[in-house]
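Enquirer: Counting in my numbering, the sequence shown runs from 852 upward without gaps.
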Amino acid sequence: MPQALDLCRIYGFFRAGAAVLKSCRKPGLGPVRPWLRSLLSRKVVVLQSKHVSLSAANLLFPLALVLFEFAVYIANDMVQPAMLQVTREFMVGSSWVPTSMTAFLVGGALLPWLTGPLSDRIGRRPVLLFGVGFFMLSCLATYLVHSIEGFIALRVVQGMGLCFINAVGYAAVQEAFEETAAVKVTALMANVALIAPLVGPLAGAALVEIAPWRSCFLLIALMAGLALLGLVWKMPETVVPGQNRQPLAQMGADYLRLLKQSRFVLSALCIPLLALPLMGWIALSPVLLVQDLGMSTLQYGLMQLPVFGGLIGGNFALVLLAERWPLGRSVFVGMGPIVGGLLLMLCGVLFTAEPVWLMVAGMSLMSFGEGLSFGVLYRFALMSSPVAKGTVSAAMSMLSMAGYALGIELFRLAYMAGGIAGFAACSVLTAVLFVLLARRTVPQAMAERAAPADYLPLELQGQNS
């Protein structure tokens, strides 16, 4: 069966890649790979003092990390425009198009529970380097698949790259730089996360016009390879390996404790409910715009500009207004364009003959409201529990990824049942659920910050829970 052959090829490819990396540590290789062997074998010293400011010397580490983050995110956004070519080559229906994104997000939800605690035990550097190399090989392995099942399985593997960014990469940045410098680096990485969905559809749509769809993965693998070299060269070790050997049983107890805290669960679920309409748009817009509305792949890519421009605009507006407004007010302000924009899209689909412009305008308004809200909701969810923040962050990541995967499948079913109108109606329903949930959780977080003396510290809350 072609599916079994694909899986065998992928397994053999990863084994060969691991053998090559292992051989680079051995002597007697001659002049072929001495520079790579020296990079992989050099002794890494634990960072003794944090960088106070950004300089050309210490900026290479976060830049390499940003390149890896960009490669992982664009592996989702750049591939979606090529999915119609993928389905044609594998002779399957267009219903497989959103499944690619679902599989990618499922992969991103598989390992966050492990990568953070594992990096506490053996160090941030080896875990992150392994993740970058693993992601690069998974992109190259696309050339080995010849069935849609093998392709989707590989998308799950590629999605695992997400597990190494927040739990390991962001933690290393916070530990390597003083607070002000770390904030600057984190802001840079956040901007990259916003640029990827803007550049990805355009780049993917342009590339598949002139090259085979697998060339998208080759380009992504090259970016990941450059990031790997930069991290091997410049990434410091920010923890003492073996210093925090928390037993696995304790990690499980912490996760169980989190899931029993209704406030944390509801706060964390606000994030996927907020983002699902845009995620559904990314997953299904190739079908909505190209197949149903007859647009070219280039026109499809151009239609993404105002949508993701709205997201970037919302984030910049949040930065400008954060000092003037109490934390949380932007979420309530953002509810207007979120619900209003999606209602505009639904009305355009139901009552106009050419709905594309109202669809794009509505999604642009929705993404602006998401930009106003997302950063605040993430902060509120992270601080909603007294459990260690690494565990909280990992739990948030897993809940979000699972929510995205389930939500996109629901969007796919809604589209199959009702076409474009089904997609628009599902988007409105998701936005309404978000508003109902956020109106319950955000006021409590705002009240705690307005009158902190009236609330127990998180540590005492943990003792009383």
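Positions of the beta carbon are idealized from the N, C-alpha and C atoms, including for glycine.
Over what stretch of residues does the alpha helix (DSSP H) that includes E1000 continue unbroken?
Expert: On the sequence shown, residue 1000 is found 149 positions in, with the first residue counted as 1. Per DSSP, E1000 belongs to the alpha helix (DSSP H) from 999 to 1010.
Enquirer: Tell me whether F1028 sits in a helix, a strand or coil according to DSSP, three-state version.
Expert: The count along the sequence shown starts at 1 and reaches residue 1028 at position 177. Three-state result, F1028: strand.
Enquirer: On a CA-only basis, which of L969, A1072, V1207 is nearest L991? Give me that one, please.
Expert: Along the sequence shown, read from residue 1 onward, the residue named residue 991 stands at position 140. When only C-alpha atoms are compared, the closest one is A1072.
Enquirer: Along the alpha helix (DSSP H) that carries D971, what are the first and last residues, could you check?
Expert: Looking up residue 971 in the sequence shown gives position 120. Element bounds for D971: 963 to 973.
Enquirer: For S1218 and S1278, I'd like the C-alpha separation in whole angstroms.
Expert: As a working note, residue 1218 is residue 367 in the sequence shown. As a working note, residue 1278 is residue 427 in the sequence shown. Approximately 12 Å, taken between the alpha carbons.
Enquirer: Contact between the segment 1127 to 1141 and the segment 1242 to 1260 is defined here as three or more beta-carbon pairs at a separation below 8 Å; is this criterion met?
Expert: A contact exists between the segment 1127 to 1141 and the segment 1242 to 1260.
Enquirer: If you count every other CB in all the chains shown that lies within 10 Å of the CB of A1289, and 16 or more means buried, which is it?
Expert: Counted from its first residue, the sequence shown places residue 1289 at position 438. Classification for A1289: buried.
Enquirer: If I measure Cβ to Cβ from G1191 and keep anything under 7 Å in the same chain, skipping five residues before and after, which residues do I get?
Expert: As a working note, residue 1191 is residue 340 in the sequence shown. The residues are L1216.
Enquirer: Report the three-state DSSP secondary structure of E920 (helix, strand or coil).
Expert: Position 69 of the sequence shown, counted from the start, is the residue given in the question as residue 920. Correct three-state label for E920: helix.
Enquirer: Taking DSSP as the reference, what is the three-state secondary structure of L880?
Expert: Indexing the sequence shown from 1 puts residue 880 at position 29. Because the pLDDT of L880 is 45, which lies under 50, any placement of that residue in the model is unreliable, and the question is left without a value.
Enquirer: In the DSSP assignment, the alpha helix (DSSP H) including T1089 goes from what residue to what residue?
Expert: Walking along the sequence shown from the start, residue 1089 turns up at place 238. Run containing T1089: none; DSSP gives neither H nor E here.
Enquirer: Since L1178 contacts R1300 with CB under 8 Å, what's their CB separation in whole angstroms?
Expert: In the sequence shown, the residue the question calls residue 1178 occupies position 327. In the sequence shown, the residue the question calls residue 1300 occupies position 449. Their Cβ separation, rounded to whole angstroms, is 6 Å, which keeps L1178 and R1300 in contact under 8 Å.
Enquirer: Comparing C-alpha positions only, which one of E1088, M1011, L1171, G1185 sits nearest to W964?
Expert: Within the sequence shown, residue 964 is the residue found at index 113, counting from 1. With distances taken between Cα atoms, W964 lies closest to M1011.
Enquirer: Rounded to whole angstroms, how far is the Cβ of V1184 from the Cβ of L1223, which I believe are closer than 8 Å?
Expert: Position 333 of the sequence shown, counting from 1, holds the residue named residue 1184. Position 372 of the sequence shown, counting from 1, holds the residue named residue 1223. About 6 Å separates the two Cβ atoms, so the contact holds.
Enquirer: Use the C-beta contact count for A1268: other C-beta atoms within 10 angstroms, 16 or more gives buried, fewer gives exposed.
Expert: Indexing the sequence shown from 1 puts residue 1268 at position 417. Looking at its Cβ environment, which holds fewer than 16 other Cβ atoms inside 10 Å, A1268 is exposed.
Enquirer: Considering only the alpha carbon of each residue, which of A1298, M1210, V930 lies closest to R1065?
Expert: Here residue 1065 refers to the residue found at position 214 of the sequence shown. If we check each option's Cα against that of R1065, V930 comes out closest.
Enquirer: If I measure Cβ to Cβ from E1026 and keep anything under 6 Å in the same chain, skipping five residues before and after, which residues do I get?
Expert: On the sequence shown, position 175 is the one that residue 1026 refers to. Only T1089 meet the Cβ criterion.
Enquirer: Taking all protein chains shown into account, decide if R1330 is buried (16 or more other Cβ within 10 angstroms of its Cβ) or exposed.
Expert: The structure shown does not extend to residue 1330, since the chain spans only 852 to 1316, so no value can be given for it.
Enquirer: Apart from the five residues just before and just after G1114, which ones in its own chain have a Cβ nearer than 6 Å to its Cβ?
Expert: Within the sequence shown, residue 1114 is the residue found at index 263, counting from 1. It is Arg, not Gly, that sits at residue 1114 in the sequence shown. Excluding residues within five positions, the ones whose Cβ falls inside 6 Å are S1235.
Enquirer: Would you grab the beta carbon distance between V1182 and V1243 for me? Rounded to a whole angstrom, and I think it's under 8 Å.
Expert: Looking up residue 1182 in the sequence shown gives position 331. Looking up residue 1243 in the sequence shown gives position 392. Not confirmed; about 19 Å, so no contact.
Enquirer: Counting only C-beta atoms, is P1237 closer than 8 Å to chain C at any point?
Expert: The chain inventory of the structure shown lacks chain C, comprising one protein chain alone.
Enquirer: Is the segment 961 to 977 touching the segment 921 to 929 in the sense that three or more CB pairs, one from each, lie closer than 8 Å?
Expert: Counting Cβ pairs under 8 Å, fewer than three are found: no touch.
Enquirer: List the endpoints of the continuous alpha helix (DSSP H) containing T993.
Expert: Position 142 of the sequence shown, counting from 1, holds the residue named residue 993. No alpha helix (DSSP H) contains T993, which DSSP labels as neither H nor E.
Enquirer: Do you know how far the Cα of Q1295 is from the Cα of M1074?
Expert: On the sequence shown, position 223 is the one that residue 1074 refers to. On the sequence shown, position 444 is the one that residue 1295 refers to. C-alpha separation (whole angstroms): 43 Å.
Enquirer: Please identify the residue among L918, I999, L1053 whose C-alpha is closest to the C-alpha of T1148.
Expert: The count along the sequence shown starts at 1 and reaches residue 1148 at position 297. Out of L918, I999, L1053, L1053 has the C-alpha closest to the C-alpha of T1148.
Enquirer: Checking 8 Å against the spacing of the C-beta atoms, do S1248 and A1018 come in under that value?
Expert: Walking along the sequence shown from the start, residue 1248 turns up at place 397. Walking along the sequence shown from the start, residue 1018 turns up at place 167. The answer is yes: Cβ separation under 8 Å.
Enquirer: In three-state terms, what does DSSP make of E1060?
Expert: Translated into the one-based positions of the sequence shown, residue 1060 becomes position 209. E1060 falls in the helix class under three-state DSSP.
Enquirer: Helix, strand or coil for E1174? Go by DSSP, reduced to three states.
Expert: Along the sequence shown, one-based indexing puts residue 1174 at 323. It is coil, neither helix nor strand.
Enquirer: With C-beta atoms as the reference, is P1188 less than 8 Å away from A1056?
Expert: Taking the sequence shown and counting its residues from 1, the one referred to as residue 1188 is at position 337. Taking the sequence shown and counting its residues from 1, the one referred to as residue 1056 is at position 205. Against a cut-off of 8 Å, the Cβ pair of A1056 and P1188 comes out as no contact.
Enquirer: Given a cut-off of 8 Å, decide if E1221 and A1317 are closer than it, judged by their beta-carbon atoms.
Expert: With the chain covering 852 to 1316 only, the question about residue 1317 has no answer from this structure.
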